[in-house]
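With the working numbering applied, the sequence shown corresponds to residues 1 to 96, in that order.
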Amino acid sequence: MSPAQRIANHFRRSLSRSSIYQHPFQHWVLTESLPPDVLDSIVEIPVEAPSTKALVGTQRSELEGRFFFSPTNCSLFPVCDDVARAFQSKKVSQFI
């Protein structure tokens with residue numbers, strides 16, 4: 001089983017055990033949505049915390065401090081690629 005398949009299976013199990021709320025809109029509260037080793041790998045990615053000076057309440061300023069699972073970051077950090085592939089898989093998208 002590939003890392004992405006393992007992550008997808010874990011996420012589906014978490015989603016199936018989640019709490020569903022209808023107010024103020026339909027949403028789910030998940031726990032343990034990713035395997036612990038995957039979380040550890042994500043936490044270890046060397047990303048600087050955004051400066052609080054940059055947070056002025058605009059979307060542009062808030063985007064500058066975010067880390068995306070972009071094609072570049074997926075090529076630099078295999079865990080990002082694994083998570084992106086898992087979330088984009090038919091197994092997950094059809095389950096949602």
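Every residue gets a Cβ at the ideal spot worked out from N, C-alpha and C, and that includes glycine.
One Cα belongs to R12, the other to F95, and the distance between them is close to 7 Å.
In the structure shown, the three-state DSSP call for S89 is coil. In the structure shown, the three-state DSSP call for S75 is helix. Under the DSSP assignment, V43 falls outside any beta strand (DSSP E), being part of the alpha helix (DSSP H) whose first and last residues are 36-43. A distance of 7 Å or more separates the beta carbons of D81 and I7.
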